[in-house]
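Peer 1: The structure's right below; bear with me while I get my questions together.
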Amino acid sequence: MSFRFEQEMARPARAWLESRGLLVKSEFPTPWGICDLVGCALDTRSATRRLKLGQRSPIGSLARVRLLSIVPEGRPISLETLSQRLGGFTGRSEIAHEMDQLVAKNFVEITRTGMYLRRNGWEPLHKRIVALELKLRRLTDALNQAIAHLEFADEAYVGLPAHLAEQLALGTKRQQFLCAGIGVLAVGRNECRVVLPASRRSHGNPALQTYFAERFWRTYLKDIST
Numbered sequence: 008m009s010f011r012f013e014q015e016m017a018r019p020a021r022a023w024l025e026s027r028g029l030l031v032k033s034e035f036p037t038p039w040g041i042c043d044l045v046g047c048a049l050d051t052r053s054a055t056r057r058l059k060l061g062q063r064s065p066i067g068s069l070a071r072v073r074l075l076s077i078v079p080e081g082r083p084i085s086l087e088t089l090s091q092r093l094g095g096f097t098g099r100s101e102i103a104h105e106m107d108q109l110v111a112k113n114f115v116e117i118t119r120t121g122m123y124l125r126r127n128g129w130e131p132l133h134k135r136i137v138a139l140e141l142k143l144r145r146l147t148d149a150l151n152q153a154i155a156h157l158e159f160a161d162e163a164y165v166g167l168p169a170h171l172a173e174q175l176a177l178g179t180k181r182q183q184f185l186c187a188g189i190g191v192l193a194v195g196r197n198e199c200r201v202v203l204p205a206s207r208r209s210h211g212n213p214a215l216q217t218y219f220a221e222r223f224w225r226t227y228l229k230d231i232s233t
């Protein structure tokens, strides 16, 4: 039996991601739109080290993640230098406010001279991020969206109704997906299977990857507390 709506594909596709040991979120917002499903595996050793540093809260906004990424480890940095590294596009008062938030959450400490020092030892938090875009048709759109998701994902798949996925795996569009490194998932009512494996590893924005992994942090804490 085929699918009438893309939403009907979400349940078996989600189950497939979860069967691979991934935490899963649906309708995942990105800077360029919505990704239907995103799965993330956090590194338990990194998570343990982070918790030992008292860093239970998520870092926060993408702007805050980017700011933290330019605070060096092992040597302090001044507010003025942070402002310079941001190109002067962010006011010093705004930077100071964001740094205060990072200090309050134990990601940064203030030295005796009023400079900032990063408290780390656990990044990256994630081991693997997988993006899955579901489509009933419109293969070109699906491919382009999956390629965009490689900005944050280590692997990206397009999930299609099983009969269409099988046709694609044998047809003329197969090479386009292979060249882009985008996997194809055949989605059935009760199971999914890979007909083309994803092969490209992400070379995207590290701060963006960190920000997206952070969105699974609360879920991870909830899971380990139950």
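Read left to right, the sequence shown gives residues 8 to 233 (our numbering). All C-beta atoms in this analysis are idealised placements derived from N, C-alpha and C, irrespective of residue type, glycine included.
Return the first residue and the last residue of the beta strand (DSSP E) that ASP43 is part of.
Peer 2: Per DSSP, ASP43 belongs to the beta strand (DSSP E) from 40-49.
Peer 1: Please report the straight-line C-alpha distance between ILE189 and PHE223, rounded to a whole angstrom.
Peer 2: Taking the straight line from one Cα to the other gives about 23 Å.
Peer 1: Can you give me the Cβ contacts of VAL115 inside the same chain, cut-off strictly under 8 Å, excluding the 5 residues immediately before and after it?
Peer 2: Excluding residues within five positions, the ones whose Cβ falls inside 8 Å are LEU75, VAL78, MET106, LEU109, TYR123, LEU124, ARG125 and ARG126.
Peer 1: Helix or strand or just coil, what does DSSP make of THR37?
Peer 2: Here THR37 sits in strand by DSSP.
Peer 1: How is the beta strand (DSSP E) around ILE84 delimited, first residue to last?
Peer 2: Per DSSP, ILE84 belongs to no beta strand (DSSP E) and is neither H nor E.
Peer 1: Between which two residues does the beta strand (DSSP E) containing HIS133 stretch?
Peer 2: That run of the beta strand (DSSP E) goes 133-141.
Peer 1: Nearest to LYS142 by CA position, among SER90, ARG82 and LEU192, is which residue?
Peer 2: Minimum Cα distance to LYS142 is reached at LEU192.
Peer 1: Any contact between the segment 167-180 and the segment 193-201? By contact I mean 3 or more CB pairs, one from each, below 8 Å.
Peer 2: Touching, yes, given that three or more Cβ pairs across the two stretches are closer than 8 Å.
Peer 1: Who are the Cβ neighbours of ARG208 in its own chain at under 6 Å, not counting the five residues just before and after it?
Peer 2: Cβ within range, chain order: ASP161.
Peer 1: For PRO65, which residues from the same chain have a beta carbon less than 6 Å from its beta carbon, with the 5 sequence-adjacent residues on both sides left out?
Peer 2: So the list reads GLU221 and TRP224, once near-sequence residues are dropped.
Peer 1: From this set, ARG144, LEU215, ARG145 and THR179, which residue's C-alpha is nearest LEU157's C-alpha?
Peer 2: Here the closest residue by C-alpha is LEU215.
Peer 1: Give me the DSSP bridge partner(s) of VAL201.
Peer 2: LEU192, per the DSSP bridge assignment.
Peer 1: Does the segment 43-58 come close enough to the segment 130-147 that 3 or more CB-CB pairs lie under 8 Å?
Peer 2: Verdict: yes, contact present.
Peer 1: Between THR217 and GLU130, what straight-line distance do the alpha-carbon atoms span, to the nearest angstrom?
Peer 2: Spanning the two alpha carbons is a distance of roughly 8 Å.
Peer 1: For TYR227, tell me which candidate among VAL201, LEU132, ALA205 and GLN91 has the shortest Cα-Cα distance.
Peer 2: Considering only alpha carbons, the answer is LEU132.
Peer 1: Closer than 8 Å by C-beta to ILE102: which residues in its own chain qualify, once you throw out the five before and the five after it? Chain order, please.
Peer 2: Correct list, in chain order: LEU74, LEU86, LEU89, SER90 and LEU93.
Peer 1: Nearest CA to the CA of LYS180: which residue from LEU150, TYR164 and ILE154?
Peer 2: Comparing Cα-Cα distances from LYS180 to each of LEU150, TYR164 and ILE154, the minimum goes to LEU150.
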